[in-house]
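Chemist: This is the structure, below, for whatever I ask next.
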Amino acid sequence: MTKDEFETLLVHGGYSADEKSYGALTTPIYQTATYRQGEIGTLPEFDYSRSANPTRGTLERQIALLEEGSHGYAFSSGMAAITAILLLFGSGDEILIPRDLYGGSYRLLDVHFKNFGLTWRIVDTTDAARLDDEFSPNTKAILLESPTNPLLRVSDIAAVSSAAHRHGALVIADNTFLSPYLQRPLTLGADIVVHSATKYIGGHNDVLAGLVALKDDDLAERLLMIQKSSGGVLGPFDSYLLIRGLKTLALRMDRETQSATEIARWLQGHPGADRVFYPGLEDDIGYAVNARQADGAGGLLSFELSERYSLPAFFAALSVITPAESLGSVESMACHPATMSHASVPPETRAEMGISDRLIRLAIGIEGLSSLKEDLERAFDAARIEP
Ligand SMILES: Cc1ncc(COP(=O)(O)O)c(C=O)c1O
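By the working numbering, the letter at position 312 of the sequence shown is numbered 313, and the numbering carries on one by one without gaps.
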């Protein structure tokens with residue numbers, strides 16, 4: 002798909018719901034739990050909104066189109082989507098995960114799915130050449146993030162997918178950080194794509210949502226049944242908010258990527274930042290692979306605050322950038338992974354993952370670049386510990 006075609010799909014893809022009635026230009030919100038049924042015994046297209054809803058259906062068709070898949074599903078959060086995907090597996094199955102998987106996904110496996118006999122193991126997905134040795138007969142899937150959260154490590158999705166397929170395992174790609182505008186894992190060999198659509202797809206910090214896209218009809222059939230049975234579906238109004246958010250995805254991501262690149266370069270030369278992690282920097286370890294498989298590095302970057310600066314003072318002094326857990330919105334946010342997104346990961350595991358207590362993750366929004374840099378500079382000044 003060309004960039005141009007993709008941008009047009011963002012505005013028009015999936016929508017045909019109202020063609021028959023009033024000709025509304027935007028997708029109507031079918032705020033209904035159930036539907037009047039016709040002749041008894043004939044199966045209507047819509048019978049109950051846990052199974053299907055026209056507004057949600059538009060969004061589900063659109064995510065399938067945008068990810069170049071054939072089937073799409075919308076859930077009430079990213080975690081509800083990941084839970085539904087994990088329900089495809091059973092007792093005795095093993096899932097491989099990267100070192101710095103999103104803390105909530107890690108907790109879901111470690112605290113909850115463990116009780117049902119689904120096991121997990123950490124592997125280095127950035128080293129696809131050595132992945133072959135990691136599979137056991139019980140390995141059924143790799144849950145991949147590229148770039149990862151919060152260290153922005155890049156994995157070669159095509160190489161990981163080839164390795165997984167050699168061993169009969171599926172690749173589930175969490176594409177939250179780049180969105181389908183910048184990266185489409187199904188075209189690189191992944192089997193299932195999942196999003197916390199709360200982030201870039203929604204784009205405005207006003208909705209929690211999860212989206213899934215895939216190509217395989219059998220898998221899709223099973224996931225549809227899980228969605229219907231477990232019921233963590235996205236409501237009609239929230240589906241509408243995502244459809245609206247998607248219309249500006251390309252514009253937002255272009256701006257956020259451009260500003261994040263500038264800020265990453267600027268931080269590299271700043272005495273307050275010891276290490277900068279951003280796959281859009283030419284000297285970043287993931288730069289080449291990311292440049293090959295994605296159309297940009299996105300709006301997220303992380304850095305380690307130097308010991309000569311107070312971490313609490315740095316966060317307290319920010320005023321344009323909001324200290325907050327999330328990312329992917331028009332507002333810039335700063336996250337302290339050790340106490341926020343990865344607080345549920347035990348400190349030893351965090352250290353093993355390479356997440357230092359001085360790591361700060363910035364999710365760059367669409368504010369003016371100078372305001373963002375000035376805000377960071379003010380925070381560095383306020384946080385500097387006098388010798
Ligand atoms: C990479 C990633 N996946 C999944 C999730 C979970 O999504 P949600 O918060 O929408 O449930 C998050 C949330 O931060 C995330 O960053």
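Where is the CB? At the ideal position from N, CA and C, for every residue including glycine.
1) With DSSP as the reference, label L193 as helix, strand or coil.
2) Terminal residues of the continuous alpha helix (DSSP H) containing I123?
3) Indicate the three-state DSSP secondary structure (helix, strand or coil) for G104 in the structure shown.
4) Which residues mark the beginning and the end of the alpha helix (DSSP H) in which L363 is found?
5) Please report the distance separating the alpha-carbon of A34 from that of D285.
6) To the nearest angstrom, how far is it from the Cα of F47 to the Cα of T59?
7) Nearest to Q228 by alpha carbon, out of T350, A160, S50?
8) Below 8 Å on the Cβ atoms is my guess for E95 versus T120; work out the distance and round it to an integer in Å.
9) Quick check: what's the CA-CA separation for T350 versus N150?
10) Does DSSP put L145 in a helix, in a strand, or in coil?
11) Output the boundary residues of the beta strand (DSSP E) element that contains I96.
12) The beta strand (DSSP E) spanning E305 covers which residue range?
13) With a cut-off of 8 Å, do at least 3 Cβ pairs link the stretch 68-75 to the stretch 196-215?
14) So, at 7 Å on beta carbons, what are the nonlocal neighbours of T140 in its own chain, with the 5 sequence-adjacent residues on each side left out?
15) Looking at the structure shown, is G211 part of a helix, part of a strand, or coil, going by DSSP?
16) Indicate the three-state DSSP secondary structure (helix, strand or coil) for P395 in the structure shown.
17) Per DSSP, P324 forms a beta bridge with which residues?
18) Report the CB separation of T364 from G273 in whole angstroms; it is logged as a contact under 8 Å.
19) If you follow the beta strand (DSSP E) that G73 is in, where does it begin and where does it stop?
20) Taking the alpha helix (DSSP H) that A318 belongs to, which residues open and close that run?
21) Taking just the CA atoms, how far does Q63 sit from R57?
22) Whole angstroms is fine: what's the gap from A380's alpha carbon to F316's?
23) Decide if N116 is buried, meaning its Cβ has at least 16 other Cβ atoms within 10 Å, or exposed.
24) Compare the beta carbon distance of S180 and I158 with 9 Å and say whether it is the shorter of the two.
25) On the CB-based measure, 16 or more other CB atoms within 10 Å of its CB, does A352 come out buried or exposed?
26) What residue does the alpha helix (DSSP H) around L171 start on, and which one ends it?
27) Under 8 Å by Cβ, that's how I've got R266 and F304 pegged, so tell me the actual separation to the nearest angstrom.
28) Using a 10 Å radius around the Cβ and a threshold of 16 neighbouring Cβ atoms, would you call R253 buried or exposed?
29) Is the Cβ-Cβ distance between S357 and A384 less than 9 Å?
30) By Cβ distance below 7 Å, which residues in the same chain neighbour D376 in space, the five residues on each side in sequence not counted?
31) Hey, quick one: how far does the beta strand (DSSP E) through F278 stretch, first residue to last?
32) Using the Cα positions of A191 and Y103, report the straight-line distance between them to the nearest angstrom.
33) At a cut-off of 8 Å, is S330 close to ligand 1 when judged by its beta-carbon and the heavy atoms of the ligand?
34) For S206, report the span of its alpha helix (DSSP H) as first-last.
35) Near R131, which residues of its chain fall below 8 Å by C-beta distance, leaving aside the five closest residues on each side in sequence?
36) Please return the same chain residues whose Cβ sits closer than 8 Å to the Cβ of L243, not counting the five positions on each side in sequence.
Modeler: Checking against the coordinates, here is how it stands:
1) Here the question's residue 193 lines up with position 192 in the sequence shown. Before going further, note that residue 193 is Ile rather than Leu in the sequence given. Correct three-state label for I193: strand.
2) The residue you call residue 123 lines up with position 122 of the sequence shown. Premise fails: I123 lies in the beta strand (DSSP E), 120-124, not in any alpha helix (DSSP H).
3) For the purposes of this step, residue 104 is taken as the residue at position 103 of the sequence shown. Of the three classes helix, strand and coil, the one that applies to G104 here is helix, per DSSP.
4) Translated into positions along the sequence shown, residue 363 becomes position 362. From DSSP, L363 is part of no alpha helix (DSSP H) but of the beta strand (DSSP E) over 360-364.
5) Translated into positions along the sequence shown, residue 34 becomes position 33. Translated into positions along the sequence shown, residue 285 becomes position 284. The straight-line gap from Cα to Cα measures roughly 49 Å.
6) For the purposes of this step, residue 47 is identified with residue 46 of the sequence shown, where counting begins at 1. For the purposes of this step, residue 59 is identified with residue 58 of the sequence shown, where counting begins at 1. Separation of F47 and T59 (C-alpha to C-alpha, rounded to the nearest whole angstrom) is 13 Å.
7) For the purposes of this step, residue 228 is identified with residue 227 of the sequence shown, where counting begins at 1. Among T350, A160, S50, the Cα nearest to that of Q228 is on S50.
8) Here residue 95 refers to the residue found at position 94 of the sequence shown. Here residue 120 refers to the residue found at position 119 of the sequence shown. At roughly 5 Å, the Cβ-Cβ gap stays under 8 Å, so E95 and T120 are in contact.
9) Counting from one through the sequence shown, the residue named residue 350 turns up at place 349. Counting from one through the sequence shown, the residue named residue 150 turns up at place 149. Those two C-alpha atoms are separated by around 14 Å.
10) If you number the sequence shown from 1, residue 145 lands on position 144. Note: L145 maps to strand in three-state DSSP.
11) Numbered from 1 along the sequence shown, position 95 holds the residue referred to as residue 96. Its beta strand (DSSP E) spans residues 95-99.
12) Along the sequence shown, one-based indexing puts residue 305 at 304. Start and end: 301-306.
13) yes
14) On the sequence shown, residue 140 is found 139 positions in, with the first residue counted as 1. For T140, where only same-chain residues beyond five positions count, the Cβ hits under 7 Å are E95, L97, H168, A170.
15) Against the sequence shown, residue 211 aligns to sequence position 210. In the structure shown, G211 sits in a strand (DSSP, three-state: E or B).
16) Limits of the chain in this structure are 2 at one end and 388 at the other, which puts residue 395 out of reach.
17) For the purposes of this step, residue 324 is taken as the residue at position 323 of the sequence shown. P324 pairs with A335.
18) Residue 364 sits at position 363 when you count from the first residue of the sequence shown. Residue 273 sits at position 272 when you count from the first residue of the sequence shown. The identity of residue 364 in the sequence shown is Ala, whereas the question assumes Thr. Actually they do not touch by this definition, with Cβ atoms about 19 Å apart.
19) As a working note, residue 73 is residue 72 in the sequence shown. 72-76 is the span of the beta strand (DSSP E), which, as asked, contains G73.
20) On the sequence shown, position 317 is the one that residue 318 refers to. Residues 312-318.
21) One-based indexing of the sequence shown puts residue 57 at position 56. One-based indexing of the sequence shown puts residue 63 at position 62. Cα to Cα, R57 sits roughly 10 Å from Q63.
22) The residue given as residue 380 occupies position 379 in the sequence shown. The residue given as residue 316 occupies position 315 in the sequence shown. Each residue's Cα considered, the two are about 7 Å apart.
23) In the sequence shown, residue 116 corresponds to position 115, counting from 1. So N116 counts as exposed.
24) For this step, residue 180 is matched to residue 179 along the sequence shown. For this step, residue 158 is matched to residue 157 along the sequence shown. No.
25) By one-based count along the sequence shown, residue 352 stands at place 351. Taking all protein chains in view, the Cβ of A352 is surrounded by fewer than 16 other Cβ atoms within 10 Å, so the residue is classified as exposed.
26) As a first step, residue 171 is located in the sequence shown; it is residue number 170 there, counting from the start. Premise fails: L171 lies in the beta strand (DSSP E), 171-175, not in any alpha helix (DSSP H).
27) Taking the sequence shown and counting its residues from 1, the one referred to as residue 266 is at position 265. Taking the sequence shown and counting its residues from 1, the one referred to as residue 304 is at position 303. R266 to F304, Cβ: 12 Å. No contact.
28) Taking the sequence shown and counting its residues from 1, the one referred to as residue 253 is at position 252. Buried.
29) Reading the sequence shown from its first residue, position 356 is the one you call residue 357. Reading the sequence shown from its first residue, position 383 is the one you call residue 384. No, the pair does not count as a contact, with Cβ atoms beyond the cut-off.
30) As a first step, residue 376 is located in the sequence shown; it is residue number 375 there, counting from the start. So the list reads L319, S320, V321, I322, once near-sequence residues are dropped.
31) Your numbering for residue 278 matches position 277 in the sequence shown. Taken as a continuous stretch (DSSP letters only), the beta strand (DSSP E) holding F278 covers 274-278.
32) Residue mapping note: residue 191 aligns to position 190 of the sequence shown, counting from 1. Residue mapping note: residue 103 aligns to position 102 of the sequence shown, counting from 1. Spanning the two alpha carbons is a distance of roughly 18 Å.
33) The residue labelled residue 330 in the question sits at position 329 within the sequence shown. No.
34) Along the sequence shown, read from residue 1 onward, the residue named residue 206 stands at position 205. For the record, residue 206 in the displayed sequence is Asn; it is not Ser. Careful: N206 lies outside any alpha helix (DSSP H) and carries neither H nor E.
35) Stepping through the sequence shown from its first residue, residue 131 is reached at position 130. Hits under 8 Å: D125.
36) Against the sequence shown, residue 243 aligns to sequence position 242. Closer than 8 Å at Cβ, skipping near neighbours: L60, A75, A198, I202, G203, V208, A210, L212, L235.
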